[in-house]
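Chains as they are written, first to last, in UniProt numbering: chain A, 1 to 923; chain B, 1 to 216.
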Amino acid sequence: MRMRMRLKAAAAAVLCLHCLGVYLFTRGFLLTRTELSAFSLPSDLLQAQAPCCSELPSTTNQDQDLPGWTPPTVERVLILIVDALRFDFVAPSSLFQKKQKWMDRLPSLQHLASTHPSSSRIFKAIADPPTTSLQRLKALTTGGLPTFIDVGNSFAAPAIQEDNWIHQLVHTGRRVVMMGDDTWTQLFPHHFNHSYPYPSFNVKDLHTVDNGVAQHLVPWLHRQDWDVLIGHFLGVDHAGHIFGVDSQPMVQKLEQINAILQNVTDIMNSQKHLENTMLIVMGDHAQTLNGDHGGGTSEEVETCLFAWIPRSLPSSISSIFHPSTCGLGLNGKNICTSTMQQLDFAVSISALLGIPFPFGSIGRVNPELYALSPGSWDRQWLPASFYEDPSSDLKMWKNNYAHVLCINSWQVKRYIDSYSATSVMGFPSDDLHYITKLYNEAQSRWSDSKNRSCKPENGTIDEFSDFLLSFATLARSAWTEFDMKLMVVGLGIFIISIIFHLFVFERVQSLSNVYDNKTQKSSNHLQIYVAFLLVAVRAVSFLSNSYILAEGRVANFLLATTAIGSIRSSLVYGKIKKHDLVFLILIILIRFGIEKGMPKQAATNPFLNYDSGSDFDLKWLPSLFEGHDFVILLPEISPMIILFLLSFLSCKYITSTVHSRCIKWVVTVGTMLSYLFIATFWLSERSFAPKMVYVIGLSLFVLNFVLRYLGILEKGETVQRLRSLALVMVSAWSPTILILLGKQGPFVVLVCIIAGWSIISSKNKGLLDDCKMDPISVMQWSLLAICLFYQTGHWCTFDGLRYGAAFIGFDEFKVVRQAILLFVDTFGISHILPIFSLPFLVTIPNSSSSKGRDKTVIFLNLTQVYLLYGLITAITTTFTVLCVAIQRRHLMVWGLFAPKYVFDAIGLLLTDVLICVSALYYC
Amino acid sequence: MRKAEIGATTALALHSLCAAGLATGYWLSHSLYSSSLITDPAPTLRILTVCEAPVVILLFSWLRRDHDRCSFIKAVARGLIGLPIGALINAFGTIVLGAPVGLKFWPATIYWSMLMSLFTFVPAACVFGASKLDWQQILSYSKPSNIVDYMLSVPAHGAIIGAWLGAWPMPLDWERPWQEWPICVTYGAIAGHLIGMLFSPVLIFLHRRHIRTKTE
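Right, here's the structure in full:
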């Protein structure tokens with residue numbers, strides 16, 4: 001009895017430690033941000049006691065029509081996004097140490113910048129990590145700092161839920177046209193008046209998207225029925241990914257872009273209706289010389305923004321432009337560049353277009369970009385007393401800008417307040433106090449200057465800027481910087497938990513040795529060392545990103561190694577048994593399953609260069625049978641046949657193993673019904689069938705616990721009882737997991753069962769007692785579980801989740817329900833089934849030696865098995881955590897390490913929980 | 001019995017002959033066909049196999065276990081039969097471990113498994129034939145009494161462990177040509193085999209001294 005308590009207590013303690021470790025490490029590493037669902041409304045300024053524009057409604061009579069918070073300063077905006085545009089693609093090469101062959105390839109922009117210094121500007125736009133296209137587009141439109149995990153209510157669909165300027169444009173009746181990268185239509189499914197999306201999926205295709213944009217762009221420029229036009233070119237990004245920056249395709253691509261831009265500027269110069277149109281050519285992020293992006297190095301974040309307006313602007317604009325770096329352009333004229341934050345783009349464009357600033361935007365209206373718009377030089381805010389000296393353009397502009405900044409600050413402050421009120425993890429309170437103080441000072445100064453009805457001073461602009469910049473710094477530290485202290489503490493707790501785990505395991509081990517003959521001791525020790533060696537090999541392999549990508553194959557390789565080792569020992573102790581060979585063949589099958597998933601993974605993961613043709617070309621196989629009916633029927637029929645086989649097998653085992661008569665019938669009937677429903681579902685697609693499967697599974701699971709505590713399953717001998725408990729548990733879960741896996745399910749479950757049987761029967765022959773724990777078998781069990789995870793088409797990124805599984809049996813979407821189904825699908829075959837079936841490792845073997853064994857010994861062995869399984873998972877996960885902590889500045893941290901960490905952490909906690917449940921149920 | 005006469009030096013000499021076979025193969029492929037393992041693995045592996053096979057089969061047939069009942073020719077025949085059987089076993093093992101199965105890899109896989117067979121299976125086939133007991137004994141080390149056992153088992157295990165270790169660089173993203181199957185695995189196997197061949201005379205020497213001290 002003391003033993004039974006021990007497993008429960010140990011499992012619970014380990015679970016708590018792991019929870020704490022995961023929590024702390026996650027807080028330090030996975031920066032989370034809560035998405036607020038609030039939207040800015042045009043009327044917000046009037047309702048709230050916004051201190052900025054008290055004059056605005058009283059002076060402008062058309063305030064009902066006013067769509068935004070500020071008057072629009074340009075008529076139209078043409079945004080051309082060149083994906084992965086490096087700063088040195090646009091800026092003159094004289095700014096850099098050495099002229100490279102990819103520089104000065106966009107002379108049309110340089111020409112504009114040098115000949116129209118007062119109506120055009122080249123900016124070095126600093127993006128924030130993660131520099132992946134999706135996150136950048138989100139940042140550009142919402143004005144926020146998207147993190148790796150934005151806690152929101154979107155589940156599978158990537159559509160942007162936060163307030164953004166595209167939404168604001170549509171809301172205020174502007175017409176938006178989009179052409180190019182189809183990510184935009186995913187993010188904004190219902191927003192565009194016209195859209196011409198092209199697939200961004202194929203990295204090897206350099207031209208489809210660009211040619212598509214070029215084809216539609218020119219006709220649209222001649223039309224007048226648009227307000228904002230977005231063109232997104234992908235060729236530069238793709239050329240970088242495939243050939244690198246220093247390559248001929250990249251140069252050609254840039255020359256093509258240049259020709260398009262030249263054409264666009266020519267049209268804009270000639271067309272009257274485009275006179276007040278601002279052209280913005282920008283990158284969403286930059287790239288390294290190898291074409292990679294995603295991280296936070298200067299090569300990846302320093303992208304470019306070029307703005308130009310055909311109309312001429314007052315020459316006093318030059319005093320607004322910051323003293324900047326200048327260099328000689330191709331035509332010998334000076335070209336100057338400024339620096340801006342990409343964070344400021346969303347709010348700046350909102351100010352230009354005169355729409356409400358997006359609710360979650362935390363940027364500042366960029367003065368230089370704002371100054372490039374003709375409207376910002378016009379009289380906007382009355383009373384006229386402000387403009388006693390109309391000749392002074394600059395003063396007027398400053399007044400306008402101060403107004404805009406005031407609204408900008410008010411909007412950011414509103415966001416801070418509402419974020420602190422609603423989000424799980426707010427900002428540190430000291431910093432908040434400081435920010436609030438800055439804001440209050442700026443506002444009081446602003447209203448002072450108002451009350452005294454004198455001109456807003458330069459000081460107000462500086463104070464508002466100061467507030468906005470301080471908050472941006474705070475937000476960056478909260479959303480883009482790791483907290484090393486928390487990470488180290490979390491890692492420390494993981495290590496402590498392993499030490500504790502080892503200690504408990506050692507205690508149980510020594511206890512069990514007391515019951516054993518001394519002779520087996522050394523052999524068992526050797527086994528444990530081998531098992532830990534395998535764990536160590538696997539764990540150390542996580543330090544390299546390549547092995548994380550190839551994790552399924554690595555696990556398969558190690559599993560095969562243990563299988564071959566087991567054959568070797570079979571040879572030593574006698575002859576090869578058939579289960580050894582069966583196991584080897586199964587490993588080959590599992591391996592093919594894993595490799596089948598690799599090209600799918602490679603398609604969505606830019607880091608995985610997997611050449612599907614070289615490794616697994618069985619394409620000739622179908623051609624052999626072409627024209628035969630059974631080729632078409634085979635994929636349809638084979639799951640049914642295997643399903644039938646499975647139901648037969650489970651029926652047989654349940655009737656032969658479970659002794660209590662009523663349980664036997666309930667479980668058999670339940671399982672049979674489930675299989676029947678699965679078959680019905682596959683044949684007719686009726687949605688009631690999966691629901692019935694879930695209901696039967698759940699009720700069997702609950703029933704098991706109830707019966708267990710009523711003591712009905714207590715009858716019989718210990719081994720017998722444990723075996724029937726495990727069997728009933730597994731049969732309760734398997735139909736649900738099977739139907740979620742889809743048509744591959746029966747095959748995978750069959751492979752799982754046969755592999756499990758092989759592992760059990762090939763348990764170490766050196767041990768005289770069949771029921772003793774064999775560490776190698778536990779290790780094989782765990783490796784098999786990992787292989788099954790990859791074989792069933794999962795992998796450790798979020799696009800590796802099989803979203804389709806969440807909708808089996810349901811059409812409409814509910815977060816909790818679908819999340820549970822997705823969870824069961826993802827972890828069912830790799831965690832739930834293997835852990836619940838662990839007791840088979842100590843109970844199945846030939847009944848000859850297991851008869852009359854001491855109850856205590858069996859439970860000791862069971863405890864050992866569970867402890868060891870938990871320990872294996874804990875050690876590998878700890879190494880993942882360590883590796884993530886080491887590689888936190890790695891290029892692939894968001895693409896690869898972070899998802900791997902999330903999956904492993906969830907897997908570890910699930911393993912601990914399942915071990916606790918098993919301890920409650922079996923002991 | 002002649003096997004008793006073999007000492008550490010003889011073993012070393014015999015092993016160096018095997019190594020010389022490999023070196024000749026490598027040199028031949030390099031100078032005559034100007035092919036290396038990296039540029040065209042399959043032809044190089046074929047040349048290595050062709051050069052190594054006669055050396056291994058002849059040497060280990062000379063060391064055959066039951067001298068009285070089994071002639072030299074018979075031992076050679078056993079070796080020749082053992083070559084494809086061993087290759088089959090090796091190929092199966094390597095596919096279980098994850099070697100690619102595409103058609104274009106078949107030549108390389110076949111020659112590689114031939115070579116592995118020469119490292120592992122053929123010597124034992126020449127020496128033992130079909131004697132099950134000897135095979136079991138050599139796998140379990142239960143009675144490491146025999147000197148030939150060392151000569152067989154240490155280099156063979158070396159080759160297998162070397163090949164196993166040689167597979168590890170394959171998934172790395174270094175994009176080097178030698179990461180292709182079966183190049184680095186072959187390097188690993190050859191290195192492991194050579195280390196094993198160096199190591200087995202040492203073990204034999206220690207073993208003899210141990211016996212000597214025991215008898216004294």
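Cβ atoms here follow ideal geometry from the backbone N, Cα and C, with glycine treated the same way.
Contact check between the region 159-175 of chain B and the region 909-919 of chain A: fewer than three CB pairs, one atom from each, fall below 8 Å, which does not count as touching. Within the same chain, 668, 671 and 672 come within 8 Å of residue 651 of chain A by CB-CB distance, once the 5 residues on both sides are set aside.
When C-beta atoms of the region 653-665 of chain A are compared with those of the region 714-734 of chain A, three or more pairs fall below 8 Å, so the two segments count as touching.
From the listed residues B/57, B/135 and B/184, the smallest Cα separation to residue 575 of chain A is found for B/135. At the C-beta level, residue 338 of chain A and residue 143 of chain A stay beyond 8 Å of one another. When secondary structure is reduced to three states using DSSP, residue 197 of chain A falls in the strand class.
Collapsing the DSSP output to three states places residue 34 of chain A in a strand. For the region 567-587 of chain A, the beta-carbon criterion of a distance under 7 Å to any beta-carbon of chain B is satisfied by 568, 571, 572, 584 and 587. Two segments are said to touch when three or more pairs of C-beta atoms, one from each, lie closer than 8 Å; by this definition the region 341-349 of chain A does not touch the region 317-326 of chain A. Here residue 125 of chain B is actually not in contact with residue 162 of chain B; their C-beta atoms are around 21 Å apart, not less than 8 Å. Annotated as distal: residue 197 of chain A and residue 208 of chain A, with beta-carbon spacing of 8 Å or more. Residues are counted here when their Cβ sits less than 7 Å from a Cβ of chain A; for the region 121-134 of chain B the count is zero. CA-CA distance, residue 69 of chain A to residue 145 of chain A, rounds to 23 Å. A direct Cα-to-Cα measurement between residue 358 of chain A and residue 187 of chain A gives close to 16 Å. Neighbourhood of residue 564 of chain A in chain B, by CB distance below 8 Å: 93, 96 and 97, in chain order. Rounded to the nearest whole angstrom, the CA to CA distance from residue 596 of chain A to residue 96 of chain B is 16 Å. Leaving aside the five residues that flank residue 226 of chain A on each side, the residues in its chain whose CB is nearer than 6 Å to its CB run, in chain order, 175 and 177. Rounded to the nearest whole angstrom, the C-alpha separation of residue 34 of chain A and residue 138 of chain A is 14 Å. Per DSSP, reduced to three states, the secondary structure at residue 431 of chain A is helical. Taken through DSSP and simplified to helix, strand or coil, residue 633 of chain A comes out as helix.
Closest in C-alpha terms to residue 109 of chain B, from the list B/16, B/121, B/123 and B/89, comes B/89. In this structure, DSSP gives residue 413 of chain A a helical state, which the three-state scheme calls helix. At a cut-off of 8 Å between C-beta atoms, residue 87 of chain A does not count as an interface residue with respect to chain B.
Between residue 93 of chain A and residue 101 of chain A, the CB-CB gap reaches or exceeds 8 Å. Scanning its chain for C-beta atoms nearer than 6 Å, with the 5 sequence neighbours on each side dropped, one finds around residue 322 of chain A the residues 338, in chain order. In terms of CA proximity to residue 74 of chain A, A/310 leads the group A/888, A/586 and A/310.
Residue contact check for residue 866 of chain A against chain B: no CB pair falls below 8 Å. Just measuring C-alpha positions, the residue of A/817, A/649 and A/789 sitting nearest residue 753 of chain A is A/649. Cβ-Cβ separation between residue 106 of chain A and residue 261 of chain A: approximately 7 Å, consistent with a contact (criterion under 8 Å). Exclusion of the five residues before and after residue 915 of chain A leaves 11, 866 and 870 as the residues of its chain whose Cβ lies within less than 6 Å of its Cβ.
Counting only runs that start and end inside the region 705-747 of chain A, the alpha helix (DSSP H) elements of at least 4 residues fall at 718-741. Contact of residue 140 of chain B with chain A by beta-carbon distance below 7 Å involves 572.
Using a Cβ-Cβ distance cut-off of 8 Å, the region 124-141 of chain A and the region 290-304 of chain A are in contact, since at least three pairs of beta carbons, one from each stretch, lie closer than that value.
Below the 8 Å Cβ cutoff, chain A contributes 571 and 572 as neighbours of residue 136 of chain B, in chain order. Along the region 153-166 of chain B, the positions whose C-beta sits under 8 Å from a C-beta of chain A are 164, read in chain order. A residue is called buried when at least 16 other Cβ atoms come within 10 angstroms of its Cβ; residue 14 of chain A meets this threshold and is buried.
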